[in-house]
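Line by line, the protein sequences are chains C and Y.
With this note's numbering, the residue at position 44 of the first sequence is 1276, and numbering never jumps.
With this note's numbering, the residue at position 280 of the second sequence is 1512, and numbering never jumps.
By construction, the Cβ of each residue, glycine as well, lies at the ideal position given by its N, Cα and C atoms.
Please read the structure below before turning to the comments.
There are 2 protein chains.
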Amino acid sequence: MPAPTSPGMPLRIWLVGFGTVGKWLARTLDSHARRLARDYGVGVSVVGLANARDGFIYDERGLDLSSVLRRAADGAAITDEPGARCWPSALEGIRDTEADLLVEVTSSPSGDGEPGVAHMRETLERGIPVVTSNKWPVALHGVELAERAHSHGVAFRAESTVMSGTPVLSSLIDGLAGTVPIALRGLLNATVNFILTGMAEGKSYEQALAEAQRAGLAERDPSADVEGYDTMAKVMILSALVFGRQLRREQVTRRGITEIARAEFEQAAASGARLKHVASLEFSEPGGLGEVHARVMPAPVGRDDPLASIDGATNAVVFRASPVGEVAITGPGAGPQLAGQGVLADLIAVARSRSKLHRRRADRDA
Amino acid sequence: MPAPTSPGMPLRIWLVGFGTVGKWLARTLDSHARRLARDYGVGVSVVGLANARDGFIYDERGLDLSSVLRRAADGAAITDEPGARCWPSALEGIRDTEADLLVEVTSSPSGDGEPGVAHMRETLERGIPVVTSNKWPVALHGVELAERAHSHGVAFRAESTVMSGTPVLSSLIDGLAGTVPIALRGLLNATVNFILTGMAEGKSYEQALAEAQRAGLAERDPSADVEGYDTMAKVMILSALVFGRQLRREQVTRRGITEIARAEFEQAAASGARLKHVASLEFSEPGGLGEVHARVMPAPVGRDDPLASIDGATNAVVFRASPVGEVAITGPGAGPQLAGQGVLADLIAVARSRSKLHRRRADRDA
């Protein structure tokens, strides 16, 4: 929380994707506008907005967020918003209009990460920064997207793709800039850790899963979580953005938690360990060289391991780098408002570096 | 680690302070220049350098760091460096010369935080960013310095002042931007935590202190650590930069570890807790309102508390904020190369935002 200040020119945003995260962000930008201006000197104007069903709307004067939110709550088309110009798809809207930032929060499935990848490529190639909560585009093309951003001198941020609003990526990328990554281990899926915590207490897999579903943590079809695909995406994101290496899906050794035998829990407990679903990344040679080995699998974790005490929906990452040694980050791993929070932090980072630039110019011209 | 790239115009640095941290940084910038250029697109040129004994030297073409390091190792005056212009003090050098960043790593004692405060004020008023590892200037004047930086649109970063190279400040300030702070608890002094870990194992205070001194953790006069003054400075820094509130020294309730009775350890253990030296900050009213209450004192910590398992020279912060909940960051708390690493990460952050700007301009002019 730096000094109070008044915002300069507002940051014009395309908000592409209007599901849980997109709506949370729209509500927050609408209702917390004054706090964001006061605490961060950040003014935001959502000029473009898109959902998969209706298409893309644009108003250069800024859309009325509470009106669009009401329309969405009523099941009406966002394209009925008065005064807004419409395009059939987000990609066409992004091509034809102007903004200072793309917030990409569509749901882009694991197959090819589309339409997210196309939205991000188009935007970065126009020299406009991108913030996303969209896992698969970053998992599959993170190195390429970061390079595109870098070559145009703009930001590409994806904080909420790993452990939601818990600041993992910014800590490892920015906070530990200058260190040489060695290895990383983590518990990266809240649902899976919640289920394993229940199973360690003696519940069956089915009982623990049902409890996670009642708690709103697990989907009706839980396979993306329990088979380890969600964690695999996060490991690929960490490899791309922290280790600088693009992995393909088949390069990640993966085993889910659906077939863990009761005996495995007992074995772990007998040796004073706990069974966790551990994601890991490791360079094959010191100094950040060689291959990156990636694994997602159930593994016994010794009681002194910082990961052993991480229970329920809490997640954690333990990062080893030279010359720092081990740094651990623990926090909530899931939740729509937490994903929104990660996007908001990224958005503030982009807005701040832009307002610094404006203020510095004004300073020099004075 | 983003894409390989070639650096643009190098970032010109005044390196003020040439003790352990300053020398580590000079060595690292000298020997890792190629890696920094390759991995971060960051080129650095140390144009000014100062120590307390000899004064300030400046060479606009960049000083020869290995030559200056050799000179310092031989006990010779840095002002004998051939080709360098000299000033009797850093402040005069900063006033008369040009640079893009001040790295302030002098030792500025707790009384008034000088000469660090004066160096930073002068630099920020010139619209030049500041990176520092200097605790007391930030503890005593953090809000003022951050406001000066903000009003000139430049960065003020002090990562290594709290938990050294472990990225605490960047995580809480940037990574959790947009959240509303509620409270914070931490173990912020490596020496004290090391001594308490020894005492919990049955050692006397004197034995545990002697061990910390043999390990190179505790100073010969350990009072700044064991009386809690060092932790007090860190709490004041966190209050200023994360909670946005400037505290005065007398507003921090402080009790050291020198007079803990053996019985206190036994009492804690009997109730299943561990005795730790806990720093805490808390808003008196929800929503980041009211007073900030600050404490540094021995306290029993329940076994399920994330702070309970933090032993030896490892430190930790548990931060509570809305809407995220609890985020914990654990890592090494001290060490000269770790303080240097925190400064390096800050320096890279400044260099990157500057090179983004340059690249964007080149992009537009193309």
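Q.
Taking the straight line between their C-alpha atoms, what separation do you get for G1251 (chain Y) and E1336 (chain Y)?
A. Counting from one through the second sequence, the residue named residue 1251 (chain Y) turns up at place 19. Counting from one through the second sequence, the residue named residue 1336 (chain Y) turns up at place 104. Taking the straight line joining both Cα atoms gives about 11 Å.
Notebook entry, point to check: What's the call for H1509 (chain Y), buried or exposed, on a 16-neighbour Cβ count within 10 Å?
Noted result: To locate residue 1509 (chain Y), count along the second sequence from 1; it is residue 277. It counts as buried.
#### Entry: Between the CA atoms of S1471 (chain Y) and I1489 (chain Y) - distance to the nearest angstrom
As a working mapping, residue 1489 (chain Y) is identified with position 257 in the second sequence. As a working mapping, residue 1471 (chain Y) is identified with position 239 in the second sequence. Spanning the two alpha carbons is a distance of roughly 22 Å.
Query raised in the report: The beta strand (DSSP E) with P1413 (chain C) in it runs from where to where?
Result: The residue given as residue 1413 (chain C) occupies position 181 in the first sequence. Counting along the chain, the beta strand (DSSP E) containing P1413 (chain C) begins and ends at V1412 to L1419.
Where P1538 (chain Y) meets chain C, residues with beta-carbon distance less than 7 Å: What you label residue 1538 (chain Y) is simply residue 306 of the second sequence in a count that begins at 1. Here the neighbours are T1562.
Check P1341 (chain Y) in the structure and name its three-state DSSP category.
-> For the purposes of this step, residue 1341 (chain Y) is taken as the residue at position 109 of the second sequence. If DSSP states are grouped into helix, strand and coil, P1341 (chain Y) belongs with coil.
Worksheet item: Mapping DSSP to helix, strand and coil, what is I1580 (chain C)?
Response: To locate residue 1580 (chain C), count along the first sequence from 1; it is residue 348. In this structure, I1580 (chain C) counts as helix in the three-state DSSP scheme.
Tell me, which residues are paired with K1367 (chain Y) by DSSP?
-> Numbered from its first residue, the second sequence carries residue 1367 (chain Y) at position 135. In DSSP, K1367 (chain Y) forms no bridge with anything.
Notebook entry, point to check: Which stretch, first to last residue, makes up the alpha helix (DSSP H) that contains F1426 (chain Y)?
Noted result: For this step, residue 1426 (chain Y) is matched to residue 194 along the second sequence. Unbroken alpha helix (DSSP H) run through F1426 (chain Y): A1422 to A1432.
Do I1289 (chain C) and I1310 (chain C) count as a contact pair if the criterion is CB distance below 8 Å?
As a working note, residue 1310 (chain C) is residue 78 in the first sequence. As a working note, residue 1289 (chain C) is residue 57 in the first sequence. Their beta carbons are under 8 Å apart, which means I1310 (chain C) touches I1289 (chain C) by this criterion.
message: Taking contact to mean 3 or more Cβ pairs, one atom from each stretch, closer than 8 Å, check whether the segment 1365-1383 of chain C and the segment 1334-1351 of chain C are in contact.
response: yes
Inset, instruction - Could you say if the segment 1549-1557 of chain C and the segment 1402-1412 of chain C meet the contact criterion of at least three C-beta pairs nearer than 8 Å? - result: yes
Worksheet item: Apart from the five residues on each side of it in sequence, which residues of its chain come closer than 8 Å, Cβ to Cβ, to L1539 (chain C)?
Response: Locating residue 1539 (chain C) in the first sequence gives position 307, counting from the first residue. Once the five neighbours on either side are set aside, the close Cβ partners of L1539 (chain C) are R1417, G1418, L1419, K1508, V1510, V1533, A1548 and V1550.
Quiz prompt | Interface flag, A1577 (chain Y) vs chain C, CB-CB below 8 Å | solution = As a first step, residue 1577 (chain Y) is located in the second sequence; it is residue number 345 there, counting from the start. It does; some Cβ of chain C falls within 8 Å.
Exposure label - D1578 (chain C); buried when at least 16 CB within 10 Å = Residue numbering aside, residue 1578 (chain C) sits at position 346 when the first sequence is read from its first letter. D1578 (chain C) should be labelled buried.
Please state whether DSSP places K1466 (chain Y) in a helix, a strand or coil. Here residue 1466 (chain Y) refers to the residue found at position 234 when the second sequence is read from its first residue. K1466 (chain Y) falls in the helix class under three-state DSSP.
**Item:** Which of helix, strand or coil DSSP assigns to L1372 (chain Y)
**Value:** Numbered from its first residue, the second sequence carries residue 1372 (chain Y) at position 140. Of the three classes helix, strand and coil, the one that applies to L1372 (chain Y) here is helix, per DSSP.
Starting from H1525 (chain C), follow the beta strand (DSSP E) in both directions and report where the run begins and ends.
Your numbering for residue 1525 (chain C) matches position 293 in the first sequence. Where H1525 (chain C) is concerned, the enclosing beta strand (DSSP E) stretches over L1521 to G1534.
| request: Flag this pair as yes or no: are the beta carbons of A1432 (chain C) and R1506 (chain C) separated by less than 8 Å? | output: To locate residue 1432 (chain C), count along the first sequence from 1; it is residue 200. To locate residue 1506 (chain C), count along the first sequence from 1; it is residue 274. Cβ atoms of A1432 (chain C) and R1506 (chain C): closer than 8 Å.
- Beta-carbon of Q1573 (chain C) versus every beta-carbon of chain Y: anything under 8 Å? Against the first sequence, residue 1573 (chain C) aligns to sequence position 341. Yes, contact with chain Y.
Closest to S1263 (chain Y) by C-alpha separation, out of Y:R1317, Y:S1299, Y:G1557 and Y:G1430, would be which residue? Translated into positions along the second sequence, residue 1263 (chain Y) becomes position 31. Closest by alpha carbon: Y:S1299.
query: So, S1277 (chain Y) versus R1317 (chain Y), is the Cβ gap smaller than 8 Å?
result: The residue labelled residue 1277 (chain Y) in the question sits at position 45 within the second sequence. The residue labelled residue 1317 (chain Y) in the question sits at position 85 within the second sequence. It is not a contact, given that the beta carbons lie outside the stated cut-off.
Would you say Y1290 (chain Y) lies against chain C (beta-carbon separation less than 8 Å)? Taking the second sequence and counting its residues from 1, one reaches residue 1290 (chain Y) at position 58. Chain C contact via Cβ: absent.
Does the beta carbon of T1398 (chain C) sit closer than 8 Å to a beta carbon anywhere in chain Y?
In the first sequence, residue 1398 (chain C) corresponds to position 166, counting from 1. Yes, its Cβ sits closer than 8 Å to a Cβ of chain Y.
From the DSSP secondary-structure annotation, give me the bridge partner or partners of F1288 (chain C).
The residue given as residue 1288 (chain C) occupies position 56 in the first sequence. F1288 (chain C) is bridged to C:A1282 and C:W1319.
| said: Counting C-beta neighbours from all protein chains within 10 Å, is the total for M1233 (chain Y) 16 or more, i.e. buried, or is it exposed? | reply: In the second sequence, counting from the first residue as 1, residue 1233 (chain Y) sits at position 1. Any reading at M1233 (chain Y) needs caution, since the residue's pLDDT is 42, under 50, leaving its predicted position unreliable; the model's value is listed next. By the neighbour-count rule (16 or more Cβ atoms within 10 Å), M1233 (chain Y) is buried.
So the candidates are C:R1353, C:E1346, C:I1414 and C:S1321; which of them puts its Cα closest to the Cα of L1333 (chain C)? Residue mapping note: residue 1333 (chain C) aligns to position 101 of the first sequence, counting from 1. Comparing Cα positions, the closest option is C:R1353.
| Which residues in chain Y sit within 9 Å of T1411 (chain C), going by Cβ to Cβ distance? | Position 179 of the first sequence, counting from 1, holds the residue named residue 1411 (chain C). The answer, in chain order, is G1397, Q1573, L1576 and A1577.
Report task. Spell out the partners DSSP gives G1574 (chain C) in its beta bridges. Result -> Taking the first residue of the first sequence as position 1, residue 1574 (chain C) is located at position 342. None; G1574 (chain C) has no bridge partner.
Which residues in chain C have a C-beta closer than 7 Å to the C-beta of E1498 (chain Y)? List them in chain order. The residue you call residue 1498 (chain Y) lines up with position 266 of the second sequence. Within 7 Å Cβ-Cβ: nothing; E1498 (chain Y) doesn't reach chain C, min ~23 Å.
ask   = Do we get a CB-CB distance below 8 Å when we pair K1466 (chain C) with the residues of chain Y?
value = As a position in the first sequence, residue 1466 (chain C) is number 234, starting the count at 1. It does not; no Cβ of chain Y falls within 8 Å.
Close-in-space but distant-in-sequence residues of the same chain around N1425 (chain C) (CB under 8 Å, 5 per side omitted) = The residue you call residue 1425 (chain C) lines up with position 193 of the first sequence. Hits under 8 Å: L1419, K1508, H1509, I1542, D1543, G1544, A1545, T1546, N1547 and G1565.
| In the segment 1324-1354 of chain C, which residues sit with their C-beta less than 8 Å from some C-beta in chain Y, listed in chain order? | none
Rounding to the nearest angstrom, what Cα-Cα distance links R1303 (chain C) and D1286 (chain C) in this structure? Along the first sequence, read from residue 1 onward, the residue named residue 1303 (chain C) stands at position 71. Along the first sequence, read from residue 1 onward, the residue named residue 1286 (chain C) stands at position 54. Answer to the nearest angstrom: the Cα atoms are 12 Å apart.
Review point. By DSSP, does H1509 (chain C) sit in helix, in strand, or in coil?
Key: Counting from one through the first sequence, the residue named residue 1509 (chain C) turns up at place 277. It is a strand residue.
**Asked** Anyone know if the C-beta pair for A1495 (chain C) and L1513 (chain C) falls short of 8 Å?
**Response** In the first sequence, counting from the first residue as 1, residue 1495 (chain C) sits at position 263. In the first sequence, counting from the first residue as 1, residue 1513 (chain C) sits at position 281. Cβ atoms of A1495 (chain C) and L1513 (chain C): not closer than 8 Å.
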